[in-house]
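K.L.:
Sharing a structure, written as structure tokens. Questions coming.
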Amino acid sequence: MSSHRKDLLIQVGNFVEQLYQMGVRQVVLSPGSRVAPLALAFVRHPHIQTRTISDERSAAFIAFGIAQQTNTPVVIACTSGTAALNYAPAVAEAFYQRVPLIVLTADRPTEWIDQWDGQTIRQQNIYGNHIKKSYQMPVDLGHDDAKWYRKRIGAEALQVALDYPQGPVQINWPLREPFYPEVDEKFDFSNENIGAVEVVSSEPYLDDETWEETLLPILNQHKKILIVAGQGQYQSSLAESLEELPFPVVSDIISNYGSVENAIIHQDVFLSPSKIEVLQPDVVITFGMSVISKNLKLFLRNNPPQEHWHIQQAGEVPDTFQSLTKIIRSTEDAFFDQFSGFELAHSTEYLEEWKEKDDVVKTNKIDFFELLSFSEFEVVNHLLRELPENSVLHLANSMSVRYANFIGLERSDVAVFANRGTSGIDGSTSTAIGHAISNPECVHFLLTGDLAFFYDRNAFWNNYLPPNLKVLLLNNHGGVIFSMIEGPTKQPELSEYFETEQKTSAKFLAEEFQCNHWELNSREEFYFTFESFLEPSEQTSILEVKTDKVISKNTFKAFKKEGVFKV
């Protein structure tokens with residue numbers, strides 16, 4: 006065995022064991038020669054599950070879905086060259102959604118970059134500002150300092166990915182040939198002195214002095230306290246604390262808190278950017294990540310509160326409503342647990358004002374679709390009403406997530422996810438597949454439009470299509486959202502250059518990848534077929550509903566129209 010290959014195989018094996026000791030259990034590989042020693046080490050490790058997916062963009066989103074569903078770090082590994090660039094959309098989504106991806110990019114030796122050698126590009130720090138940190142492994146691992154540095158990079162990269170706010174890190178590893186093991190050569194997975202580092206942390210509760218001298222005086226001074234829940238996963242203990250407070254909790258569908266008793270879920274319907282005196286808050290308290298509701302954002306920007314506090318234990322905090330006054334370094338659970346324990350002199354009057362307007366929408370939407378033509382908005386409404394217990398709902402970007410947010414969901418047993426970090430359509434299906442294959446006990450539903458679905462068609466090009474994934478595809482043969490935005494609708498190029506009309510059907514995709522498929526275009530067919538769609542199956546299921554773009558646009562506009570839900 007060459008001394009270089011011997012050192013490499015030992016160090017690669019130790020590196021993989023180090024990742025395992027620090028919590029990595031799943032790896033998504035994309036094929037290539039330069040990544041071979043890393044790929045083989047992951048595959049041969051006895052306790053790490055590996056999958057191989059050829060399309061790097063889809064592979065990265067699938068890994069993102071696995072990490073998000075399992076709340077654990079997941080490795081993606083690819084060969085040198087443009088493969089690493091194809092990871093970029095998912096890396097950006099992981100960065101903004103705070104999901105720990107370990108991005109492992111194999112590279113050519115440093116001296117061959119920019120020398121017109123095959124599959125060489127500038128891979129160091131290739132993801133720019135959309136990654137928590139990038140690392141460069143040493144090329145030659147014979148020296149003791151290089152071995153220590155390899156160990157140090159592995160430990161620090163995992164720490165950085167898992168430190169709050171979590172996120173992706175890149176490890177770029179230049180690999181010099183020879184790197185393929187011979188038949189009798191093995192990787193070293195011994196767990197002695199591998200450099201794993203354990204992080205010990207505690208729950209950051211605020212001290213009594215901070216509450217009594219800084220926060221409570223402000224809260225007691227004002228009557229109108231508004232809580233806004235951003236995107237995040239449901240915590241039952243946090244929900245219980247929120248329900249103890251006499252304040253409205255504005256909750257988008259992706260915040261997963263629409264089920265709490267004081268939740269407001271229809272803010273996008275009844276709010277407007279103009280001043281609504283009775284609803285304008287004195288203090289806004291936010292937690293979680295982004296919000297979908299455009300009307301809420303405009304309302305709070307145009308009618309700023311006197312105080313805006315954001316609860317976040319560490320990391321940068323954006324100023325979404327242009328009114329941020331305090332960043333409170335605590336976990337959401339700890340802050341609201343303390344908050345709900347204080348005796349407050351506030352009445353429920355402000356909460357009741359919000360609830361009254363929310364309830365008007367809830368009452369009127371029950372019969373809204375009865376006298377209207379069949380539309381994709383009605384399809385979404387039925388899906389949200391009929392989701393099975395303990396299921397997972399994935400919302401693709403563009404109209405799908407907006408439809409669902411306007412209708413709302415008031416269930417704690419359904420977990421809702423959407424790629425709202427970057428709000429792109431490029432990986433919605435792949436992300437849902439990642440969730441479904443890592444959580445086979447639950448049924449996963451993906452609500453998607455035709456552009457998002459066909460854009461990510463390579464999500465189906467793998468050997469892991471989960472039978473517990475059910476895709477509800479709204480196919481109106483183009484991007485209906487652009488016919489609802491004032492700018493594009495005034496342009497003569499709307500149809501060809503904005504809506505991008507297409508005549509594609511999912512029928513042939515379903516045949517190619519052996520999925521169940523139903524295609525329908527009427528109310529009668531939809532309700533007749535929907536029960537079959539819900540039935541357990543041994544294949545991924547696709548229910549394709551073909552709808553009229555104009556009818557769907559007009560139905561949605563009618564739902565939003567102020568005269569329908571007068572407040």
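Per our numbering, numbering through the sequence shown is continuous, rising by one, with the last residue being 572. Even glycine gets a Cβ: it sits at the ideal position worked out from N, Cα and C. Bear in mind the structure is a predicted one, so any value in this text is a computation, not a measurement.
Put Arg528 into one of helix, strand or coil per three-state DSSP.
P.N.:
Along the sequence shown, read from residue 1 onward, the residue named residue 528 stands at position 523. Helix at Arg528.
K.L.:
Closest by CA to Gln519, which one among Gly413, Ala166 and Asn468?
P.N.:
Position 514 of the sequence shown, counting from 1, holds the residue named residue 519. Taking only the C-alpha atoms, the option nearest Gln519 is Asn468.
K.L.:
Roughly how many angstroms lie between the CA atoms of Ala151 and Ile258, to the nearest whole one?
P.N.:
Locating residue 151 in the sequence shown gives position 146, where the first residue counts as 1. Locating residue 258 in the sequence shown gives position 253, where the first residue counts as 1. Roughly 49 Å between the two C-alpha positions.
K.L.:
Buried or exposed: which applies to Leu231, given that a residue is buried once 16 or more other Cβ atoms fall within 10 Å of its Cβ?
P.N.:
Start at 1 with the first residue of the sequence shown, and residue 231 comes out as number 226. Label assigned to Leu231: buried.
K.L.:
What is the rounded straight-line gap between the Cα of Ala88 and the Cα of Glu61?
P.N.:
Residue mapping note: residue 88 aligns to position 83 of the sequence shown, counting from 1. Residue mapping note: residue 61 aligns to position 56 of the sequence shown, counting from 1. Roughly 6 Å between the two C-alpha positions.
K.L.:
Round the Cβ separation of Ser542 and Pro472 to the nearest angstrom and send it over; I've been treating them as touching at under 8 Å.
P.N.:
On the sequence shown, residue 542 is found 537 positions in, with the first residue counted as 1. On the sequence shown, residue 472 is found 467 positions in, with the first residue counted as 1. Right, their Cβ atoms sit about 6 Å apart.
K.L.:
Pull up the distance between the alpha-carbon of Ala95 and that of Lys512, whole angstroms please.
P.N.:
Within the sequence shown, the letter at position 90 stands for residue 95. Within the sequence shown, the letter at position 507 stands for residue 512. Rounded to whole angstroms, Ala95 to Lys512 spans 27 Å at the Cα level.
K.L.:
Could you work out which residue in Gln16, Cys447, Gln128 and Phe564 is closest to Pro393 when comparing CA atoms only?
P.N.:
Residue 393 sits at position 388 when you count from the first residue of the sequence shown. When each option's Cα is compared against that of Pro393, the closest is Cys447.
K.L.:
Count the other C-beta atoms from every protein chain shown that fall within 10 angstroms of the C-beta of Ser8, then say buried if there are 16 or more, exposed otherwise.
P.N.:
As a first step, residue 8 is located in the sequence shown; it is residue number 3 there, counting from the start. Flag for Ser8 reads exposed.
K.L.:
Buried or exposed: which applies to Trp153, given that a residue is buried once 16 or more other Cβ atoms fall within 10 Å of its Cβ?
P.N.:
Position 148 of the sequence shown holds residue 153. Exposed, since its Cβ has fewer than 16 Cβ neighbours within 10 Å.
K.L.:
Would you mind stating whether Leu284 and Asn267 have Cβ atoms separated by less than 8 Å?
P.N.:
The residue labelled residue 284 in the question sits at position 279 within the sequence shown. The residue labelled residue 267 in the question sits at position 262 within the sequence shown. Against a cut-off of 8 Å, the Cβ pair of Asn267 and Leu284 comes out as no contact.
K.L.:
Find the nearest neighbour of Tyr101 within the set Tyr140, Thr84 and Phe69, judged by alpha-carbon distance.
P.N.:
As a working mapping, residue 101 is identified with position 96 in the sequence shown. If we check each option's Cα against that of Tyr101, Phe69 comes out closest.
K.L.:
Distance check for Gln236 and Cys295, CA to CA, integer angstroms please.
P.N.:
Position 290 of the sequence shown holds residue 295. Position 231 of the sequence shown holds residue 236. Looking at the sequence shown, residue 295 is not Cys but Ser. Distance between the alpha carbons of Ser295 and Gln236 is about 5 Å.
K.L.:
In whole angstroms, what separates the C-alpha of Val569 from that of Phe458?
P.N.:
As a working mapping, residue 569 is identified with position 564 in the sequence shown. As a working mapping, residue 458 is identified with position 453 in the sequence shown. A caution first: Val569 carries a pLDDT of 48, below 50, which makes its placement in the model too unreliable to give a value.
K.L.:
At what residues does the alpha helix (DSSP H) containing Lys3 begin and finish?
P.N.:
Because the chain here runs from 6 to 572, residue 3 falls outside it and cannot be looked at.
K.L.:
Hey, would you say Ile438 sits closer than 8 Å to Ile15, going by beta carbons?
P.N.:
Counting from 1 along the sequence shown, the entry for residue 438 is found at position 433. Counting from 1 along the sequence shown, the entry for residue 15 is found at position 10. No, the Cβ-Cβ distance between Ile438 and Ile15 is not below 8 Å.
K.L.:
Going by the DSSP bridge assignment, what does Arg10 pair with across the sheet?
P.N.:
Mapped onto the sequence shown, residue 10 falls at position 5. Beta-bridge pairing links Arg10 to no other residue.
K.L.:
Closest to Ser206 by CA distance: which of Pro183, Ser195 and Leu167 is it?
P.N.:
Indexing the sequence shown from 1 puts residue 206 at position 201. Looking at the Cα atoms, Leu167 is the closest of the given residues.
K.L.:
Which class does Glu391 belong to by DSSP, given the choice of helix, strand or coil?
P.N.:
Within the sequence shown, residue 391 is the residue found at index 386, counting from 1. Reduced to three states, the DSSP call for Glu391 is helix.
K.L.:
Tell me Phe422's beta-bridge partners as DSSP assigns them.
P.N.:
Within the sequence shown, residue 422 is the residue found at index 417, counting from 1. His399, per the DSSP bridge assignment.
K.L.:
Spatial neighbours of Lys571 within its chain, please: CB distance less than 6 Å, with the 5 preceding and 5 following residues excluded, ordered by chain position.
P.N.:
Position 566 of the sequence shown, counted from the start, is the residue given in the question as residue 571. Only weak support exists for where Lys571 lies, its pLDDT of 44 falling under 50; the value from the coordinates is given anyway. So no residue of the chain qualifies.
K.L.:
Have a look at Gln124 and Pro114 and give me their C-alpha separation to the nearest angstrom.
P.N.:
The residue labelled residue 124 in the question sits at position 119 within the sequence shown. The residue labelled residue 114 in the question sits at position 109 within the sequence shown. Straight-line Cα distance between these residues: approximately 11 Å.
K.L.:
Three or more beta-carbon pairs under 8 Å between the region 172-190 and the region 104-120, yes or no?
P.N.:
Cβ pair count under 8 Å is three or more, so yes.
K.L.:
Do Pro251 and Ile269 count as a contact pair if the criterion is CB distance below 8 Å?
P.N.:
In the sequence shown, the residue the question calls residue 269 occupies position 264. In the sequence shown, the residue the question calls residue 251 occupies position 246. No, the Cβ-Cβ distance between Ile269 and Pro251 is not below 8 Å.
K.L.:
Using the Cβ count rule (16 or more neighbours within 10 Å means buried), how would you classify Asp127?
P.N.:
One-based indexing of the sequence shown puts residue 127 at position 122. Note that residue 127 is Arg in the sequence shown, not Asp. Its Cβ having fewer than 16 others within 10 Å, Arg127 is exposed.
K.L.:
Which word fits Glu567, buried or exposed, when buried means at least 16 other C-beta atoms lie within 10 angstroms of its C-beta?
P.N.:
As a first step, residue 567 must be located in the sequence shown, where it is residue number 562. Only weak support exists for where Glu567 lies, its pLDDT of 48 falling under 50; the value from the coordinates is given anyway. With fewer than 16 Cβ atoms within 10 Å of its Cβ, Glu567 is classed as exposed.
K.L.:
In the DSSP assignment, the beta strand (DSSP E) including Leu452 goes from what residue to what residue?
P.N.:
Position 447 of the sequence shown, counting from 1, holds the residue named residue 452. His449 to Gly454 is the extent of the beta strand (DSSP E) around Leu452.
K.L.:
Can you tell me the Cα-Cα spacing of Gly86 and Val108, whole angstroms?
P.N.:
As a first step, residue 86 is located in the sequence shown; it is residue number 81 there, counting from the start. As a first step, residue 108 is located in the sequence shown; it is residue number 103 there, counting from the start. Computed Cα separation, rounded: 14 Å.
K.L.:
What residue range does the beta strand (DSSP E) around Glu312 cover?
P.N.:
Here residue 312 corresponds to residue number 307 of the sequence shown, with the count starting at 1. Unbroken beta strand (DSSP E) run through Glu312: Glu312 to Ile316.
K.L.:
Does the pairing of the region 11-29 with the region 199-216 give three or more beta-carbon distances under 8 Å?
P.N.:
A contact exists between the region 11-29 and the region 199-216.
K.L.:
Does the distance from the CB of Glu381 to the CB of Thr545 come in under 8 Å?
P.N.:
As a first step, residue 381 must be located in the sequence shown, where it is residue number 376. As a first step, residue 545 must be located in the sequence shown, where it is residue number 540. Going by C-beta atoms, Glu381 is not nearer than 8 Å to Thr545.
K.L.:
Could you check which residue in Asn410, Phe341 and Ser59 has the C-alpha nearest to that of Asn463?
P.N.:
The residue given as residue 463 occupies position 458 in the sequence shown. It is Ser59.
K.L.:
Per DSSP, which residues does Trp178 bridge with? Please list them.
P.N.:
Stepping through the sequence shown from its first residue, residue 178 is reached at position 173. Note: Trp178 sits in a beta bridge opposite Ala111.
K.L.:
Per DSSP, Phe292 is paired with what?
P.N.:
For the purposes of this step, residue 292 is identified with residue 287 of the sequence shown, where counting begins at 1. DSSP lists Ala234 and Ile316 as partners of Phe292.
K.L.:
On the three-state DSSP scale, how would you describe Ala339?
P.N.:
As a first step, residue 339 is located in the sequence shown; it is residue number 334 there, counting from the start. Note: Ala339 maps to helix in three-state DSSP.
K.L.:
Smallest Cα separation from Val33: which of Ser537, Glu190, Ala82 and Asn559?
P.N.:
The sequence position of residue 33 within the sequence shown is 28, counting from 1. The option with the nearest alpha carbon to Val33 is Ala82.
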